[in-house]
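Q:
Residue numbers (the numbering used here), protein chains in the order written: chain A, 1179 to 1849; chain B, 1179 to 1849.
Next comes the structure, spelled out in structure tokens:
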């Protein structure tokens, strides 16, 4: 209730006489300051506390509408106990929707209850029947035909005198209740004075398998700088692995000043390609394509070739410049200057990044800079790109992103923004609040059962889930987790299954499928990182995971339970090295149970605790679980069942629960 | 952040360039819609999440002011980890206060950190020293003398050239940091755009022992209708028991139509006095005094007599009328009418309360009614009453109370309102949100250890504590709990100790001290209830609790730990019939441990788990606990200690922890 304490002498404005009180409307983010998020087709289940003084009956309705429509739609709310009321609506279009709650005293329901009790107690109800007649007659005046005539007729009968029992029966009949519910007296209804927003995007904002690749590493001639045209040859293989999104690091000209050499060394040799994140050279900046990759048209061709095999291309938005970026010359005021007039390079003292100039977002000319940056995104959107992976968004102001994303979404409602914010939790969450559809997470460093359970529970069960959508990455060009460095093939398989089944969105960086695991000594980074070099890989190497990846992505596609994180639940298993969880589709038809051996070195076994109640299975019942990864089928019974996983073959099982097990009763001759 | 998504084409208004982000300011009620509550002298500890992009250092300040002042005061906030910041202020006056948070990038602190790291790494810092000189010079321009000259001098030195080590030492010196903190650059500060309110009342709103009495029962001649003058004789005895507030049921003329007889029978005999809650007769309504009690002047005299022995009189605000109330004739439009034109009496079908007409708060003439009701409270406030116990507030609209309490408080800031809302939890809490200072609770029906622990934890540890202050009643004229009916003297003692030590505010209804326990058969109500009859009691009866009550109230007065519920904590004890808890004063000097045997029939013993860490006591340390009720002193050691309580003597011990125990080291000749 945002109404303020009355300030005027009396302050007795009309709204004060409304008896119904509405509070605690959910879902909402920060009291309604930010929208909650859904994708097209999802439901918004709204609850609110709707109270009134005394014992009168209450009615409440959920009001909602797409942003582009003026007219509110309504769903009648039902009482959920303890003064909470609930109703829901489904968002059908990729645009923001609004919702709020209205409540009023239901005088007819109140009267009906009282009449019933008094009549049952043998009291004289003549006066009550006249009151009821007046209520019904007033509803008739609000009603349209044919209800109007019908209600007027009932009012006549209630007031007609004669046998009270017959009139009470007429008054309490269900048809009258239904008619009266259609024409309520809402003249004194309380309209909750806050309207909440839900941001609606397409399904890909919630669900997708991402693959990251550097196009320059796919030259026909290994070791040379590849082009978009050459990289197209790799697309069918990525598509066969079942990915949905193909994410490219920056594709722009790379600076030459202070260009980094192999393994992040300070001096690049003449043949070293440099880091794609050092954006801008004499050939252009954020709206240009690196000449060694090809032309803008080659990029378009690549994007379309990818689309033709079912891959949507995502580009990198890295708002920083190399010293050779055209903006350095054209707009020096967009950068920070040192007392000697030179531009400040990036640093994290004592570390220096002399190949990078950060932008200054709150300088004198910030408006022009912000517009130029938004126009970069609009430029690529204009060339058909709809997914933007944003580099280090936490080093740019939150209000900048709020403004940019809103501005882009106004023209491209289906644009998706992924935040690469490996930063402190509250900053990560704030970026999601201001509009990022997805975010990188700490999953990459979470390995033990307690770590994974605690973190995924926070992401999927706390208020965070209303606005923060995790994208779980197994690895990135910056991060080769220790677990992969030492865990071998089993660790790669386990982390893949975890990412792909814990997260509706997940990603791998290329090389994962061929078990790349060599780190710079003592670091969590790749040796001979692709960030500073062209890399060639043998994707047909022995033991590669291409088929395993394809299998897990096919399982994802076939099972709606894995398209959302909303019904992820962790379950008990009596071995700390095993992680056991379930996901269920919204219609509850599709139930997936996943069991992962987190120890890449040893076989582990244990008894799992299957959540049979939520599956509608009784303790004695036999049901089938079908391992979609290994194709084994098992008959399980009741709650406790045995599992054993040998990491040498597969460290995980992904079961689909198949309820119906044939018994003699299904046999033709039974009976 | 209430700023909206930019709607204009660009929406690049100035505030967008502010890099600091402020959210999650606490305390707040419903996102700031309602004030939090404090009493004079209490602290408001404010926390907020203050974030910014990148790695720059942040500074934040808490702004606060009393409502009557224009100028904000400020307390610098300190970082509390995980991007949370905190500071506090103390409310010194009984008026509303406001608070909010301001944050900015601390450029000097950021620069200082970087300089330190770069210099330590042996890098050239000439440019950094010039940057620092510029920062200090800019602070000098903002500063007043003598800081201005001092800062200008430092700026000169930093920029002067020469030995960098000396200049770095000058730059990093603490005195410079302190001077710079005094003159920050706040030109780009983010001012959180929500201002929060704290309602401040006098201490009695939080802490007090209440006693309820019907003055008519204190005639000199037992069995006749007593007057205020006669009842004055009882005041010294109530004062000796140590109560603070004396609450009187309605003192107004009582209706004659449908007057209730003894034990709530439908027909009153000629000598039956009726229920004081059936307010109004030909002698007057809510601003009149019942002639059998005396005159308005007699009431004033009674109030002053009470004050002279330290008792503040609270009156009952019961907004309902008997059929004989003057308003029924003067303002029939303030009531509901039946089709035959008669006024509807109160009912809870099939029960009828024909001696009561409820008021209609949303009728056509609601404004005049609301004003009249507010004027009733103002009338009694004008005669010196400052505490109002409100009868059944949950049967009147929430917005009515919000308006009435604000209106009264504007003229009488020290007015206290106690809500007698024995109703559903959300309605109870909503009444507290709209302004009631205290509320009745479910304590009256909570008896077991798990019930008491769960309920008091909800009241004192959840967000509820910011606005809902419990007043724990052992009994009321309406409620004689079963536990008292069957538990005998030990139950009365235990429930008294629980109410008086669990609750900073608590109350008893007269008769409690003489163990009145006879109920109407099969009910939770008193036999021969004082509500419908004059009652005479022998307050000197054998076994009466007057001394025990006086003792517990004296303990309350002497121990600040018992003046608030904020630091109530429950602790373990290995016997389910024992309840063990502690309270601590704000300065932590006063620590009270309470152990209650909840079983009135049997002796129980057990090992308690003393929270020694929070007392600064080590596992091996010996300390003294002093039973303030029984006067026994015990030497306890470490965490686990033994207790045994025989309900026949006292079912409770109230220990004050006395840290210092003398050992040989305190003896003169030791050493």
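Just so it is clear, CB atoms sit at the ideal spot from N, CA and C, and this is done for glycine as well.
1) Looking at residue 1653 (chain B): is its Cβ nearer than 9 Å to the Cβ of residue 1618 (chain B)?
2) Give, in chain order, every unbroken run of the alpha helix (DSSP H) that is at least 4 residues long and sits entirely within the stretch 1455-1542 of chain B.
3) Using 9 Å as the limit for Cβ to Cβ distance, is residue 1230 (chain B) near chain A?
4) At the level of alpha carbons, what is the spacing between residue 1536 (chain B) and residue 1430 (chain B)?
5) Does residue 1256 (chain A) come out as helix, strand or coil in the three-state DSSP assignment?
6) Let's see if you can read the secondary structure: which residues bound the alpha helix (DSSP H) around residue 1318 (chain A)?
7) Given a threshold of 16 other Cβ atoms within 10 Å of its Cβ, counted over all protein chains shown, does residue 1664 (chain B) qualify as buried or as exposed?
8) Put residue 1356 (chain B) into one of helix, strand or coil per three-state DSSP.
9) For the stretch 1289-1304 of chain B, enumerate the residues whose C-beta is nearer than 7 Å to any C-beta of chain A, in chain order.
10) Run through DSSP, which three-state label would residue 1433 (chain B) get?
11) Measure the beta-carbon distance from residue 1579 (chain A) to residue 1548 (chain A) and round it to whole angstroms, keeping in mind my assumption that it falls under 8 Å.
12) Taking only the alpha-carbon atoms, compute the straight-line gap between residue 1234 (chain A) and residue 1585 (chain A) and give it to the nearest angstrom.
13) Can you list, in chain order, the residues of its chain whose CB lies under 7 Å from that of residue 1297 (chain B), leaving out five sequence neighbours each side?
14) I need the boundaries of the beta strand (DSSP E) containing residue 1786 (chain B), first residue and last residue.
15) Buried or exposed for residue 1194 (chain B), going by 16 or more other Cβ atoms inside 10 Å?
16) May I ask you to list, following chain order, the residues of the stretch 1580-1609 of chain A that have a beta carbon less than 8 Å from some beta carbon of chain B?
17) What does DSSP give as the partner residue(s) for residue 1819 (chain A) in the beta ladder?
18) Taking 7 Å as the limit between beta carbons, can you name the residues of its chain near residue 1413 (chain B), skipping five residues before and five after?
19) Do we get a CB-CB distance below 9 Å when we pair residue 1194 (chain B) with the residues of chain A?
20) Check for me: the alpha helix (DSSP H) holding residue 1554 (chain A) runs from which residue to which?
21) Give me the Cα-Cα distance between residue 1760 (chain B) and residue 1771 (chain B), rounded to the nearest whole angstrom.
22) With a threshold of 8 Å, are at least 3 pairs of Cβ atoms found where one atom belongs to the stretch 1550-1563 of chain B and the other to the stretch 1217-1234 of chain B?
23) Short of 8 Å Cβ to Cβ, which residues in the stretch 1195-1206 of chain A face chain B?
24) Per DSSP, what kind of secondary structure is residue 1643 (chain B) in: helix, strand or coil?
25) If you check the beta carbons only, do residue 1426 (chain A) and residue 1390 (chain A) fall under 9 Å apart?
26) Across the stretch 1240-1247 of chain B and the stretch 1258-1267 of chain B, are there enough close Cβ pairs to call them in contact, namely three or more that are closer than 8 Å?
27) Taking Cβ positions only, does residue 1450 (chain B) come closer than 9 Å to chain A?
28) Contact criterion: CB-CB distance below 9 Å. Does residue 1528 (chain B) meet it with respect to chain A?
29) On the CB-based measure, 16 or more other CB atoms within 10 Å of its CB, does residue 1598 (chain B) come out buried or exposed?
30) Any beta-carbon of chain A closer than 9 Å to the one on residue 1260 (chain B)?
31) Provide the residue span of the beta strand (DSSP E) that contains residue 1880 (chain A), from first to last.
32) Please list, in chain order, the chain B residues whose beta carbon lies closer than 7 Å to that of residue 1544 (chain A).
33) Enumerate, from N- to C-terminal direction, the unbroken alpha helix (DSSP H) stretches of 4 or more residues contained entirely within the stretch 1586-1665 of chain B.
34) What are the residues in the stretch 1213-1228 of chain A lying within 8 Å of chain B by C-beta distance?
35) Name, please, each residue of chain A whose Cβ falls closer than 9 Å to the Cβ of residue 1548 (chain B).
36) Kindly indicate the opening and closing residues of the beta strand (DSSP E) around residue 1749 (chain B).
A: So, from the data block:
1) Not closer than 9 Å, so no.
2) Counting whole runs of 4 or more residues, the stretch 1455-1542 of chain B contains the alpha helix (DSSP H) stretches 1474-1486 and 1504-1508.
3) Cβ-Cβ to chain A under 9 Å: yes for residue 1230 (chain B).
4) Residue 1536 (chain B) and residue 1430 (chain B) have their C-alpha atoms spaced approximately 17 Å apart.
5) Reduced to three states, the DSSP call for residue 1256 (chain A) is strand.
6) Run containing residue 1318 (chain A): 1304-1320, per the alpha helix (DSSP H) assignment.
7) Exposed, because fewer than 16 other Cβ atoms sit within 10 Å of the Cβ of residue 1664 (chain B).
8) DSSP places residue 1356 (chain B) in helix when its eight states are reduced to three.
9) Here the close residues are 1292, 1295, 1296, 1299 and 1301.
10) Taken through DSSP and simplified to helix, strand or coil, residue 1433 (chain B) comes out as coil.
11) In fact, because the Cβ distance is near 10 Å, the residues do not count as touching under 8 Å.
12) Rounded to the nearest angstrom, the gap between the Cα atoms of residue 1234 (chain A) and residue 1585 (chain A) is 48 Å.
13) Exclusion of the five residues before and after residue 1297 (chain B) leaves 1303 and 1346 as the residues of its chain whose Cβ lies within less than 7 Å of its Cβ.
14) Start and end: 1782-1787.
15) So residue 1194 (chain B) counts as buried.
16) Taking 8 Å as the upper bound on Cβ-Cβ separation, chain B lies near residues 1580, 1581, 1584, 1585, 1602, 1603, 1604, 1605 and 1608 of the stretch 1580-1609 of chain A.
17) In the DSSP secondary-structure assignment, residue 1819 (chain A) is bridged to A:1786.
18) Contacts found: 1483, 1484, 1487 and 1489.
19) Judged by the 9 Å Cβ criterion, residue 1194 (chain B) is in contact with chain A.
20) For residue 1554 (chain A), the enclosing alpha helix (DSSP H) covers residues 1544-1560.
21) Take the alpha-carbon of residue 1760 (chain B) and the one of residue 1771 (chain B): they are about 4 Å apart.
22) Contact between the stretch 1550-1563 of chain B and the stretch 1217-1234 of chain B is absent, because fewer than three Cβ pairs lie under 8 Å.
23) Residues 1195, 1196, 1197, 1199, 1201 and 1202.
24) It is helical.
25) For residue 1426 (chain A) and residue 1390 (chain A), yes; Cβs fall inside 9 Å.
26) For the pair of segments examined, the stretch 1240-1247 of chain B was found to touch the stretch 1258-1267 of chain B: the number of CB pairs separated by less than 8 Å reaches three.
27) By this cut-off, residue 1450 (chain B) is not an interface position.
28) For residue 1528 (chain B), a Cβ of chain A is located within less than 9 Å of the residue's own Cβ.
29) Around the CB of residue 1598 (chain B), 16 or more other CB atoms lie within 10 Å, so the residue is classed as buried.
30) Flagged as an interface residue toward chain A: residue 1260 (chain B), by a C-beta distance shorter than 9 Å.
31) The structure shown does not extend to residue 1880 (chain A), since chain A spans only 1179 to 1849, so no value can be given for it.
32) Correct list: 1195.
33) Taken in chain order, the whole alpha helix (DSSP H) runs of length 4 or more contained in the stretch 1586-1665 of chain B are 1603-1611 and 1627-1639.
34) Near chain B, meaning a CB-to-CB distance below 8 Å, the residues of the stretch 1213-1228 of chain A are 1227.
35) The answer, in chain order, is 1188, 1190, 1194 and 1195.
36) It spans 1747-1749 - the beta strand (DSSP E) in which residue 1749 (chain B) sits, taken as one unbroken run.
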